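**Q**
Protein chains: 4
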Amino acid sequence: MEDVTVTFTRDDEIEASVLIEGLPGIGHVGKLVAEHLIHELEAEKIGEISSIYFPPQVVVDERGVAHLVNNEIYRCDKNGLAILFLVGDFQSTSAEGHYILTECYLDIAQDLGVRRIYTLGGYGVGHLVENPRVLAAVNMEHLLSEVEGAGGAFEGGGMIVGASGLLLGLGFARGMEGVCLMGETSGYIVDPRSADNLLTVLSCLLGIKVDHTLLQQRAEEMERIIAKIQETEEARGREDLNYIG
Amino acid sequence: MEDVTVTFTRDDEIEASVLIEGLPGIGHVGKLVAEHLIHELEAEKIGEISSIYFPPQVVVDERGVAHLVNNEIYRCDKNGLAILFLVGDFQSTSAEGHYILTECYLDIAQDLGVRRIYTLGGYGVGHLVENPRVLAAVNMEHLLSEVEGAGGAFEGGGMIVGASGLLLGLGFARGMEGVCLMGETSGYIVDPRSADNLLTVLSCLLGIKVDHTLLQQRAEEMERIIAKIQETEEARGREDLNYIG
Amino acid sequence: MEDVTVTFTRDDEIEASVLIEGLPGIGHVGKLVAEHLIHELEAEKIGEISSIYFPPQVVVDERGVAHLVNNEIYRCDKNGLAILFLVGDFQSTSAEGHYILTECYLDIAQDLGVRRIYTLGGYGVGHLVENPRVLAAVNMEHLLSEVEGAGGAFEGGGMIVGASGLLLGLGFARGMEGVCLMGETSGYIVDPRSADNLLTVLSCLLGIKVDHTLLQQRAEEMERIIAKIQETEEARGREDLNYIG
Amino acid sequence: MEDVTVTFTRDDEIEASVLIEGLPGIGHVGKLVAEHLIHELEAEKIGEISSIYFPPQVVVDERGVAHLVNNEIYRCDKNGLAILFLVGDFQSTSAEGHYILTECYLDIAQDLGVRRIYTLGGYGVGHLVENPRVLAAVNMEHLLSEVEGAGGAFEGGGMIVGASGLLLGLGFARGMEGVCLMGETSGYIVDPRSADNLLTVLSCLLGIKVDHTLLQQRAEEMERIIAKIQETEEARGREDLNYIG
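Residue numbers (the UniProt record's numbering), protein chains in the order written: chain A, 1 to 245; chain B, 1 to 245; chain C, 1 to 245; chain D, 1 to 245.
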């Protein structure tokens, strides 16, 4: 086994100009957006990545079948825009491995002709946000106005750790444009509302129209659950008062 | 020294179609079953594995002779069924090492003609279990019915960490069938009763008859010890009452 | 990507006889001195170092542009004295990486003709120091008198961890002279006063005159801030007394 | 720099049949014995070992001169018995490094003709021991009686971690005899008394006579200090009683 193994499940001449990374992170914001797009754009799985830098374990599915931990590559080709997706549940277990895995992701992207990378994530703020902004960072100055025009906000400062950050940093050295979009989120819950806002900015940047319905339904569902929890807590508050009174 | 060193103590033409892994784990369930089978099937040691990924130490035996930490390979050939055993007391000290060691175990297995792997372990439930089930996971869908027919239960979900899991995941990539059997166990004691139940499922899958006597004697012994502890605690409970009364 | 990547932004025939290392450390003393010298001597950036041994992240600047973490090499050539500067915000994330990165720093220095290395840092003492000394260590005995003559103090004993220490230790094996200067500092604040004193010793060793104004202004500013904090605390102390009285 | 660098300070035809390892450990027992022997047998330093697996730092001596951390090799040749000594203050910072460093130590030993290795250490028992035994482990069965005859005690069981253990385990694979001697010691203090007893067993095994005076003087000094501390504590005990009474 190589340190990183890439297995393509189709080897015909494919290419794509855009890579969207949606590995797990705060509020699962990036993962929700990437998976929503894969569903809506009917992307198909074209490859798997396993590595000695991933956790040393298998995942058992609901039937009892064990699978080596891996990340996956999907691809869609809609209306002349071919997009690669990098999704999955794993990041490197070591600092060095983050660099090695990201270089591998970039090798795949470069081989398929990718010229721009979007990395998606959440930006934890520690409290519920009613209208979460989409914070952004880019790896080339000329991208700033384009991203701002699409609704991305720039705060400046800070670090972006792991694949989301390194794809921008190491992609720059290969001349690939990189945009990181981070949906504001509390950090406590899976946050489809933040994902919904992020999708608005991303689809504007991609120049495509995407149906938001499924993501919005999940957001409303989540908001009903939160409202119910808050009601229960208030009710309990009143009861406590009754009891005291 | 290579990163992993395999030393065969006999080099004549040997082969085996099945590998049974019984490295240490929860309740020593896998280890107990593998060692019981090695004893009952009169398997002989054919090799040793040492590695820089094992803990950097020697084990001193009861006479005072120190041995480099290693895992061992045994082999039996009974009634036309040749079985390899992978046993020992050590797993990798690093995440990457788990992958590297498991690939080495699979190299050995593949060289000797292994087509199916059984990995044995315990499944900790946090309380004493009267009739422990044998939970299972497989690495190919077609194995599900066979394992269920032999008494294995599928719950689905979860992770299997270390060699037990990776042998299934990395074995799949080589076309080797893999079955992981995990005996339910409290996680507090060495559990020969759970091992006894696991052996029933395993010997059914292997299509062999194995004498359970030694394992059952150990189970009964352990149950007597537990019963005695429980009695003592109850007695102490009564005394406390007398004292209070 | 190599384990360590060095990118020179100019490749004409440059050389330098002295390397000054000012990576971050206690009180930012070394960093302050190196950056002051870069400014005063109008050194220009000639290269960047990135590595899988640095933290796996990008730094986002105030505009929102993300940069791969790296250390930087500057060079000045004033009055016949060419000096290299090694500055930046990162050290290795692993023990082995410290050695590998330092060998790389030394390769760069050796290629450019460096024969002497100054490594700058702070020496934490746990309390405010009014007139901080400049403690020193050298990697060759014949340097002791020269450094003492320039105002460096030798206490002897102790360890110097990371690039500041290894540049001396590994530089020695290459026949390069090494001097480590450590400004006494509380360890609680960024300490331009300690940096100012260190600069006095260093510029004496370099045989150059450097304007201290900017560093002294920062020191006075910092001292005003500290004085104000102390006043406030005393005032609060009197108030407390009034209240009690 | 190689992962491990060995520098010999003399390269004439030297050889030695015995290696004595005295790296630091519990109660500094092994270190005390090795250093005592180096002094009494007038061994001279013949080499240094540095490595990326050692801590990334330099040690500053009392004059202010910094030295790369390293372990050292000494050699004596007295009455026809040539002995190598492996001493120093460092062990590997990683598990894998322990294996790699020990193989390097064995390479050196094998090149110089070493056929037997003594590794020295302390065996912590958690309380002061009046007449500390010398516990032993060997790496070949035929050594048991010889070591027992020299006064070594075998308890059996347990692990020996680090270079002391691996020199036996990895040395065995090269056909080199290995004896580990561990002086019982409290684990709280540097213990020259335990070292003195260990030296008795070791010099018997080596078949040489060594003056114990210096080690015994240090032991008596240490015992006076301990006696004084105990007196002080008893006195304080009486005072407390007076105070209460």
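Glycine included, C-beta positions come from ideal geometry on N, C-alpha and C.
No experiment lies behind these values; they were computed from the predicted model shown.
Check whether the Cβ atoms of GLY124 (chain C) and GLY187 (chain C) lie closer than 8 angstroms to each other.
**A** In this structure, GLY187 (chain C) lies closer than 8 angstroms to GLY124 (chain C) by Cβ.
**Q** Would you say GLY25 (chain B) and SER164 (chain B) are within 8 angstroms of each other, going by their C-beta atoms?
**A** It is a contact, given that the beta carbons lie within the stated cut-off.
**Q** Rounded to the nearest angstrom, how far is the Cβ of THR119 (chain D) from that of LEU199 (chain D), given a contact under 8 angstroms?
**A** At roughly 15 angstroms, the Cβ-Cβ gap does not stay under 8 angstroms, so THR119 (chain D) and LEU199 (chain D) are not in contact.
**Q** Grouping DSSP H, G and I as helix and E and B as strand, with all else coil, what is LEU41 (chain B)?
**A** Correct three-state label for LEU41 (chain B): coil.
**Q** Closer than 9 angstroms, Cβ to any Cβ of chain C: which residues of the segment 12-24 of chain D, in chain order?
**A** Cβ contacts with chain C come from no residue of the segment 12-24 of chain D.
**Q** Using a cut-off of 8 angstroms between C-beta atoms, extract the partners of ARG63 (chain D) located in chain C.
**A** Correct list: GLU141, LEU144, PHE154 and GLY156.
**Q** Based on Cα-Cα distance, which residue from C:ILE38, C:ASN139, C:GLY80 and C:ASN197 lies nearest to ARG174 (chain C)?
**A** Checking every option, the nearest Cα to that of ARG174 (chain C) belongs to C:ASN139.
**Q** Measuring CB to CB, does LEU86 (chain D) end up less than 8 angstroms from ILE73 (chain D)?
**A** Closer than 8 angstroms, so yes.
**Q** Hey, is the segment 48-61 of chain A in contact with the segment 89-97 of chain A, meaning 3+ C-beta pairs nearer than 8 angstroms?
**A** Cβ pair count under 8 angstroms is three or more, so yes.
**Q** Got a sec: which bits of the segment 42-55 of chain A sit with their beta carbon under 9 angstroms from any beta carbon on chain C, in order along the chain?
**A** Residues: none.
**Q** Counting contacts by CB-CB distance shorter than 8 angstroms, is ALA95 (chain B) in contact with chain D?
**A** So no, ALA95 (chain B) is outside the interface.
**Q** Taking the Cβ atom as the reference point for each residue, do VAL201 (chain A) and GLY151 (chain A) lie within a distance shorter than 8 angstroms?
**A** Yes.
**Q** Mind listing which residues of the segment 116-133 of chain A have their C-beta closer than 9 angstroms to chain C's C-betas, in chain order?
**A** Result list empty, no residue passes.
**Q** Is ALA150 (chain C) close to chain D, meaning its C-beta is less than 8 angstroms from at least one C-beta of that chain?
**A** It does not: the Cβ of ALA150 (chain C) has no partner Cβ on chain D nearer than 8 angstroms.
**Q** What do you get for GLN230 (chain C), buried or exposed, if any count of 16 or more other CB atoms within 10 angstroms of its CB means buried?
**A** When all chains shown are included, GLN230 (chain C) counts as exposed.
**Q** Mind checking who ASN71 (chain B) pairs with in its DSSP beta bridge?
**A** Looking at the DSSP assignment, ASN71 (chain B) forms a beta bridge with B:ILE49 and B:GLY88.
**Q** What does VAL60 (chain B) touch in chain D if you count any residue whose Cβ is under 8 angstroms from its own?
**A** Going along chain D in sequence order, the residues near VAL60 (chain B) (Cβ under 8 angstroms) are ALA137, GLY156, GLY157, GLY158, MET159 and ILE160.
**Q** For GLY171 (chain D), which three-state DSSP category applies?
**A** Reduced to three states, the DSSP call for GLY171 (chain D) is helix.
**Q** Mind checking which residues open and close the beta strand (DSSP E) that includes LEU181 (chain B)?
**A** LEU181 (chain B) -> beta strand (DSSP E) spans 177-185.
**Q** In the DSSP assignment, what are the bridge partners of GLY80 (chain A)?
**A** DSSP output for GLY80 (chain A) lists no bridge partner at all.
**Q** Could you tell me whether any Cβ in chain C is nearer than 8 angstroms to the Cβ of HIS67 (chain D)?
**A** Yes, its Cβ sits closer than 8 angstroms to a Cβ of chain C.
**Q** Starting from GLN57 (chain D), find everything on chain C with Cβ-Cβ shorter than 9 angstroms and list it in chain order.
**A** Under the 9 angstroms cutoff, chain C gives HIS98, MET159, ILE160, VAL161, GLY162, GLY165, LEU166 and GLY169.
**Q** Do the CB positions of ILE14 (chain D) and LEU106 (chain D) come within less than 8 angstroms of each other?
**A** No, the Cβ-Cβ distance between ILE14 (chain D) and LEU106 (chain D) is not below 8 angstroms.
**Q** Select from the segment 179-205 of chain A all residues with a C-beta closer than 9 angstroms to any C-beta belonging to chain C, and list them in chain order.
**A** So the close ones are CYS180.
**Q** For ASN79 (chain D), count the other beta carbons within 10 Å of its own beta carbon; 16 or more makes it buried, fewer makes it exposed. Which is it?
**A** Result: exposed.
**Q** Is the beta carbon of VAL147 (chain A) less than 8 angstroms from the beta carbon of VAL179 (chain A)?
**A** Yes, they are a contact pair.
**Q** Quick one: using the 10 Å Cβ neighbour count with 16 as the cut-off for buried, is ILE46 (chain C) buried or exposed?
**A** The residue is buried, with at least 16 neighbouring Cβ atoms inside 10 Å.
**Q** Given a cut-off of 8 angstroms, decide if GLN57 (chain D) and VAL161 (chain C) are closer than it, judged by their beta-carbon atoms.
**A** Cβ distance < 8 angstroms, so VAL161 (chain C) and GLN57 (chain D) count as in contact.
**Q** Just mark THR102 (chain C) as buried or exposed, buried being the case when its beta carbon has 16 or more other beta carbons within 10 Å.
**A** Flag for THR102 (chain C) reads buried.
**Q** Span of the alpha helix (DSSP H) holding VAL58 (chain B)?
**A** VAL58 (chain B) -> not in any alpha helix (DSSP H); beta strand (DSSP E) instead, spanning 57-60.
**Q** Counting only beta-carbon atoms, is PHE90 (chain C) nearer than 8 angstroms to chain D?
**A** No, its Cβ sits nowhere closer than 8 angstroms to a Cβ of chain D.
**Q** Is DSSP giving MET222 (chain D) helix, strand or coil here?
**A** Of the three classes helix, strand and coil, the one that applies to MET222 (chain D) here is helix, per DSSP.
**Q** Quick one: using the 10 Å Cβ neighbour count with 16 as the cut-off for buried, is GLU21 (chain B) buried or exposed?
**A** Buried, since its Cβ has 16 or more Cβ neighbours within 10 Å.
**Q** Near ASP196 (chain B), what residues of its chain come up, given a Cβ to Cβ distance below 8 angstroms and the 5 sequence neighbours on each side ignored?
**A** If we look at ASP196 (chain B) and ignore the five residues flanking it on each side, its Cβ neighbours are HIS212, LEU215, GLN216 and ALA219.
**Q** Counting only Cβ pairs nearer than 9 angstroms, list the residues of chain B close to PHE85 (chain D).
**A** Those within 9 angstroms of PHE85 (chain D) in chain B number zero; the least Cβ separation is about 21 angstroms.
**Q** Return yes when the Cβ of ALA137 (chain D) is within less than 8 angstroms of the Cβ of GLY64 (chain B), no when it is not.
**A** Cβ atoms of GLY64 (chain B) and ALA137 (chain D): closer than 8 angstroms.
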